[in-house]
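Trainee: Listed in order, the protein sequences are those of chains W and A.
Per our numbering, the first sequence starts with residue 1, numbered consecutively.
Per our numbering, the second sequence starts with residue 1, numbered consecutively.
Backbone N, C-alpha and C define an ideal beta-carbon position, used for all residues, glycine too.
Mind looking over this structure? Questions follow.
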Amino acid sequence: MIRDLADLNALEHHHQRNCEIYRTYALQEFPGSGVATRIEDFPFLPVAAFKNYDLKSVSDSEVIKVMSSSGTSGARSQIYLDKATARGQIEGLTATLVKEFGKARFPMVFVQGEDAAGDQFTASKAAVNGFSVMARTSLVLPCNPNESELAHLINLSAAKNDPPLIFGFTYNVWKLIGALEGRGVSNALPNSTILHGGGWKKLQDKRVSSEEFGDRAREVLGVSRVTNYYGLVEQTGSIFMECKNGNMHEPENGALLIRDESTLKPLGPGRSGFIQVISTLQKSYPGHSVLTEDLGLWIEASDCGCENPGRILKVIGRAKGAEIRGCSDAQLS
Amino acid sequence: MPSSPNPLTLNISSRLAENVLLAPAQDAFSEDRLSFLAELSRELLNGREFRAHPDLVTFAFFIRPTNLRKYLSTHGPLSGYSKIGVGSALHISPGNIPINFAFSWLYGFIAGCSNLVRLPSKPSPQSDYFLDVFSRLIAKPKYKFFEESNYFFRSERGDPALENLLGKVDALIVWGGDETVDYFRNMKTRPDVRQLYFPSRQSSLIMSSHQVLTTLKSHFRDEFVKNAYNDTFLTDCNACSSPSKIFFIGSHMANEKASREFFAALEAFVLLQGRKPPIIQRMMDSLASHKHGGSDLVLESHGVAIKTLSPGSNEHTGGRPLRFGVFAKYMLSSISEVSAELSDNEQTVLHWGLPERELETLMTDPLWRRSSASRLVPLGSALEIGFFWEGRDNPSALIKFVQKDFESKEIEVVDETQSEPS
């Protein structure tokens, strides 16, 4: 949760000054926004903007990496990172991880999808980079491992007193579970923990509930804890981590708003709408305030019982995009 | 809804498409075609679930005999000519207006053509329902010829089978934006192909500010605002005939007040509807407008769904698309100032509360005459598509006028043997 808006106001000013596309946008859609005194008064970008435009607030020479999304729903977002932003994202992830799992480093298993093979710097690779800081040992595992890769995984279970943390995008972890199940593997990594997030859409399409995901993970991998998180490639470093009570909380460096689907006005607790996420980490691109295409609602942290003071996010699912009518941009196919 | 795949939506390479090309052209406006349309109208109107789709209702009413006779009354027999369809017509319909393909087909059908109709790639309840009713009807033995000469299909852009058809048809009817029109203009077609294009257009609404204010206070308020909504947000302010430029005519004070109250009333009506206004699409347009000096644009907000810009104070309005709830707002003292503000690709000009004589005067303005405007119709009529569209009689453009004179020319035969020697 963001308590002091000064950093965010400075970030907003920085992006409006250095990203012409964003400045044009903000002036037209949020005229006179000036210095915001409430978090809901900051301009926000639709997440699709990153799929259609090269949005950056630094010079080309300062860009060290271009990160792309997993592209689960079509076009990929392009995220331009400079040194400071990349470092800030890793620090943000580490802080969240430490808060949830403690300072001790542990063995980590990174489950990767098919997109890991290419040269592109994907969100999945960024997550591996970020979380590696916390790893004592790392095993990068494809979601459909061969025999030798599987043997490496099983070997990890030998160290029973040092159970690993398994990290991957939800769909990739699900594919790994299926692949292991197909080979008759069960209880592969007793007492381990799964940290997974993103890509729920594919599982929803397959009608896999979070309960079924957890049950199969416990059976096949032998995990004792399944932790989900919510985050966007556009805001790597600011993730909503599930606490022990199963609630996803606002990160320290981020904020959550829910906006009405018709009016985009901010909504109070318990009311569903578009999820808007705000973060203070994005300096090289204007991704500090993003309106997602996901639907959700927020409830007060006091309803949880854990000590995390951040608002709780309940994700409902992907918004059904209404088809645009009219002939002005009639499509051929 | 139909429970099985529609038999009409077969692959384009089917021999059925070739059969359509071979079907002989028929008489335009023939009785058997009118009977078929009357039956199609009845069948469409019989459907229970059909009532949920006003665009289908409009089409079904449009093809009723009374409406068709009204149109045909302007097309009496032409002495010395037969009117027959030009031959095979290929229709390319837009992807995001579900029932547009049916109107396009109608132009060709009533003209006596055989028809190949490319459907929107995405099925819609309306198109499924139409095709279901249509296929049941043409299965009747009496309509066998229509079954063989009308074919609906889906295809990808660049499909070789589609390109093959393009080179063979006698008429090409293309709906869509300029990009679509350009694409098909550059395709190989027969040299004598008849081409009807429906490119990108813009439209306007001119209103008497005094009448706007009066109406908003009267019991006609709801109907007035609903008409404005139907002409704009029903198609996400994104149809060629939806007004994107709003002209308020009157004194400075009246214009300011009418503008404020009109947009407030429309905004409130939009938010009352179940459908989400296209705010996010509008935001994406704002991102695009940086290429056109967009950072100089000042958009006035009228709530959440509507924003306006005032061309008088904005130099670069040309690049910003006027759609998805962004309107250009003009404050004029007289209707005579309207013509100068019409777009290069103007289509429909809607009016409200203006005396007939002023509208007549507008139509005699040299600038109006030079413009592409082809409709001056009341508010509430923006989407009422007819046989006359784009300033032309579309079925007639698909007719071949065959001159006929069955009598031999009288020749005066001179018998030279009978002639007297000179």
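Are the CB atoms of residue 88 of chain A and residue 173 of chain A nearer to each other than 7 Å?
Mentor: One-based indexing of the second sequence puts residue 88 of chain A at position 88. One-based indexing of the second sequence puts residue 173 of chain A at position 173. No, the Cβ-Cβ distance between residue 88 of chain A and residue 173 of chain A is not below 7 Å.
Trainee: Leaving out five residues before and five after residue 191 of chain W in sequence, what residues of the same chain have Cβ atoms less than 6 Å from its Cβ?
Mentor: Against the first sequence, residue 191 of chain W aligns to sequence position 191. For residue 191 of chain W, where only same-chain residues beyond five positions count, the Cβ hits under 6 Å are 163, 224.
Trainee: Let me see if you follow: with CB-CB separation under 7 Å, is residue 77 of chain W close to chain A or not?
Mentor: Counted from its first residue, the first sequence places residue 77 of chain W at position 77. No, no contact with chain A.
Trainee: Please confirm whether residue 403 of chain A has its beta-carbon closer than 7 Å to some beta-carbon of chain W.
Mentor: Residue 403 of chain A sits at position 403 when you count from the first residue of the second sequence. Output row for residue 403 of chain A: interface = no.
Trainee: Using beta carbons (cut-off 7 Å, strictly below), is residue 49 of chain W in contact with chain A?
Mentor: As a working note, residue 49 of chain W is residue 49 in the first sequence. At least one chain A Cβ lies under 7 Å of residue 49 of chain W.
Trainee: Where do the ends of the alpha helix (DSSP H) carrying residue 283 of chain A lie?
Mentor: Within the second sequence, residue 283 of chain A is the residue found at index 283, counting from 1. Note, residue 283 of chain A: alpha helix (DSSP H), 279-288.
Trainee: Below 7 Å between beta carbons: does that hold for residue 353 of chain A and residue 207 of chain A?
Mentor: On the second sequence, position 353 is the one that residue 353 of chain A refers to. On the second sequence, position 207 is the one that residue 207 of chain A refers to. Contact: yes.
Trainee: Can you tell me where the beta strand (DSSP E) holding residue 82 of chain W begins and where it ends?
Mentor: Numbered from 1 along the first sequence, position 82 holds the residue referred to as residue 82 of chain W. From DSSP, the beta strand (DSSP E) with residue 82 of chain W extends over 78-82.
Trainee: With DSSP as the reference, please indicate the residues paired to residue 83 of chain A in a beta bridge.
Mentor: Taking the second sequence and counting its residues from 1, the one referred to as residue 83 of chain A is at position 83. Note: residue 83 of chain A sits in a beta bridge opposite A:401.
Trainee: I'd like the ranges of any beta strand (DSSP E) spanning at least 3 consecutive residues and lying wholly in the stretch 118-166 of chain A.
Mentor: Qualifying beta strand (DSSP E) stretches, in chain order: 150-154.
Trainee: Can you tell me whether residue 37 of chain W is helix, strand or coil according to DSSP?
Mentor: The sequence position of residue 37 of chain W within the first sequence is 37, counting from 1. Correct three-state label for residue 37 of chain W: coil.
Trainee: Got a sec? Which residues, its chain only, sit under 6 Å from residue 335 of chain A by beta carbon, not counting five neighbours each side?
Mentor: Reading the second sequence from its first residue, position 335 is the one you call residue 335 of chain A. So the qualifying residues of the chain are 249, 358, 362.
Trainee: Between residue 58 of chain A and chain W, is any beta-carbon pair separated by less than 7 Å?
Mentor: In the second sequence, residue 58 of chain A corresponds to position 58, counting from 1. Judged by the 7 Å Cβ criterion, residue 58 of chain A is not in contact with chain W.
Trainee: Sort out for me which residues DSSP pairs residue 191 of chain W with in a bridge.
Mentor: Along the first sequence, one-based indexing puts residue 191 of chain W at 191. Answer by DSSP bridge pairing: none, since residue 191 of chain W is not bridged.
Trainee: With 16 as the cutoff for other CB atoms within 10 Å, does residue 294 of chain W come out buried or exposed?
Mentor: Indexing the first sequence from 1 puts residue 294 of chain W at position 294. So residue 294 of chain W ends up on the buried side.
Trainee: Measuring alpha carbon to alpha carbon, tell me which of W:47, W:268, W:221 ends up nearest residue 287 of chain A.
Mentor: Within the second sequence, the letter at position 287 stands for residue 287 of chain A. Checked all of W:47, W:268, W:221; the closest Cα to residue 287 of chain A is W:47.
Trainee: In this structure, how does DSSP classify residue 346 of chain A when only helix, strand and coil are distinguished?
Mentor: Along the second sequence, read from residue 1 onward, the residue named residue 346 of chain A stands at position 346. The answer is strand: DSSP assigns residue 346 of chain A an E or B state.
Trainee: Check for me: the beta strand (DSSP E) holding residue 410 of chain A runs from which residue to which?
Mentor: Start at 1 with the first residue of the second sequence, and residue 410 of chain A comes out as number 410. Here residue 410 of chain A belongs to no beta strand (DSSP E), and DSSP marks it neither H nor E.
Trainee: Can you give the Cα-Cα distance for residue 33 of chain W and residue 44 of chain A, rounded to whole angstroms?
Mentor: Within the first sequence, residue 33 of chain W is the residue found at index 33, counting from 1. Within the second sequence, residue 44 of chain A is the residue found at index 44, counting from 1. The straight-line gap from Cα to Cα measures roughly 52 Å.
Trainee: Would you verify that the beta carbon of residue 276 of chain A is, or is not, closer than 7 Å to some beta carbon of chain W?
Mentor: Looking up residue 276 of chain A in the second sequence gives position 276. With 7 Å as the cut-off, residue 276 of chain A counts as an interface residue toward chain W.
Trainee: Once the 5 residues before and after residue 143 of chain W are set aside, which same chain residues still bring their CB inside 6 Å of it?
Mentor: Looking up residue 143 of chain W in the first sequence gives position 143. Result list for residue 143 of chain W: 111, 113, 172, 175, 176, in chain order.
Trainee: What is the DSSP secondary structure of residue 372 of chain A, reduced to helix, strand or coil?
Mentor: The residue given as residue 372 of chain A occupies position 372 in the second sequence. Coil at residue 372 of chain A, not helix or strand.
Trainee: Give the residues of chain A in contact with residue 262 of chain W, contact being defined as C-beta atoms less than 7 Å apart.
Mentor: Position 262 of the first sequence, counted from the start, is the residue given in the question as residue 262 of chain W. Within chain A, the residues near residue 262 of chain W are 271, 276, 277.
Trainee: Answer yes or no: does any C-beta atom of chain W fall closer than 7 Å to that of residue 231 of chain A?
Mentor: By 1-based counting over the second sequence, the position of residue 231 of chain A is 231. No, residue 231 of chain A lies away from the interface with chain W (no Cβ there is under 7 Å from its Cβ).
Trainee: Does the stretch 230-247 of chain W come within contact of the stretch 295-308 of chain W, defined as at least 3 CB pairs closer than 8 Å?
Mentor: Output reads yes: the stretch 295-308 of chain W touches the stretch 230-247 of chain W.
Trainee: Please list, in chain order, the chain W residues whose beta carbon lies closer than 8 Å to that of residue 161 of chain A.
Mentor: Reading the second sequence from its first residue, position 161 is the one you call residue 161 of chain A. Within chain W, no residue comes near residue 161 of chain A; the closest Cβ sits about 14 Å away, beyond 8 Å.
Trainee: Check each residue of the stretch 297-326 of chain W: if its Cβ is closer than 7 Å to any Cβ of chain A, include it; give the result in chain order.
Mentor: Taking 7 Å as the Cβ-Cβ cut-off against chain A, the residues of the stretch 297-326 of chain W that qualify are 322, 323, 324, 325, 326.
Trainee: Strictly under 7 Å for the Cβ-Cβ distance: is residue 239 of chain A near chain W by that measure?
Mentor: The count along the second sequence starts at 1 and reaches residue 239 of chain A at position 239. Closer than 7 Å: yes.
Trainee: Measure from the C-beta of residue 347 of chain A to each C-beta in chain W and report whether the shortest distance is under 7 Å.
Mentor: Your numbering for residue 347 of chain A matches position 347 in the second sequence. Not one chain W Cβ lies under 7 Å of residue 347 of chain A.
Trainee: Taking Cβ positions only, does residue 332 of chain W come closer than 7 Å to chain A?
Mentor: By one-based count along the first sequence, residue 332 of chain W stands at place 332. For residue 332 of chain W, the pLDDT reaches just 38, beneath the cut-off of 50, and the residue's location in the model is therefore unreliable, leaving the point undetermined.
Trainee: Do you know offhand how far residue 310 of chain A's Cα is from residue 272 of chain A's?
Mentor: Sequence index remark: in the second sequence, residue 310 of chain A carries index 310 (1-based). Sequence index remark: in the second sequence, residue 272 of chain A carries index 272 (1-based). Roughly 27 Å between the two C-alpha positions.
Trainee: Mind pulling the beta strand (DSSP E) runs of 3 or more residues that sit fully within the stretch 251-322 of chain W?
Mentor: Here the runs fully enclosed are 254-259, 273-279, 289-299, 312-318.
Trainee: When the cut-off is 7 Å and only beta carbons count, does residue 14 of chain W lie next to chain A?
Mentor: Residue numbering aside, residue 14 of chain W sits at position 14 when the first sequence is read from its first letter. So no, residue 14 of chain W is outside the interface.
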